[in-house]
Amino acid sequence: MAISIGSDSLFLKQAQSSSSNAAAQKLSSSLDNIAEGTATDDELMEACKSFESYLVEQVMKSAKKAMLKNEDEEGEYMKYFGDTMTQEYAKIITENSNLGIAQMLYDSMKRNA
C-alpha cells in the first residue's frame with residue numbers, strides 16, 4: 003500500500019489536524035486549571051495569551067482561505083509547513099503587538115473570580 007505525498011495525502015491531513023489539535027488541547031488544559039481555581043495569576047495570563055494567539059491564528063487561516071481560490075495555488079512547502087508558520091506568526095503578533103485581547107480577558111476573569 004503506497005501513501006502519496008501530495009495535497010491529498012493521509013500524512014499531510016494528519017499533520018495539519020494534529021497541529022491544530024495540539025494548540026487547542028494545550029489551551030483546554032490551561033482552562034481546566036483555571037476552572038478548578040488552582041491557577042496562579044501568571045498561569046491565568048499565559049492562558050489568556052495562548053487564547054489570543056489561537057484566535058489570531060484562526061483569523062489568519064480564514065483570511066488565507068478567502069484569498070486562495072483553490073489549494074493548488076499553494077506551493078508544496080506551504081502545504082506541509084504552512085500551519086506551523088501561521089502558528090509562529092500568530093505568536094509573534096501576540097507578543098509584539100498591543101491587541102489587548104489577552105489583557106481584557108485576564109481583567110474580566112480576575113474581576114469575575
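Residue 38 in our numbering sits at position 36 of the sequence shown; the count goes up by one each step and never skips. Cβ coordinates follow ideal geometry from the N, Cα and C atoms, glycine included. Note that this is a predicted model, so its numbers are computed, not measured.
> Is it buried or exposed for S64, if we count other Cβ within 10 angstroms and need 16 for buried?
Replying inline: exposed
> Taking K93 as the reference, which of K71, V61, E76 and N114 has the closest Cα?
Replying inline: V61
> Are L46 and I103 touching if we call contact CB-CB under 8 Å?
Replying inline: no
>> According to DSSP, is K93 part of a helix, a strand, or is it coil?
In response: helix
> What are the boundary residues of the alpha helix (DSSP H) that S52 is part of?
Replying inline: D43 to M69
> Which whole-angstrom value is the C-beta distance of E59 and Q89, which I expect to be below 8 Å?
Replying inline: 6 Å
> How big is the Cα-Cα spacing for R113 and M106?
Replying inline: 11 Å
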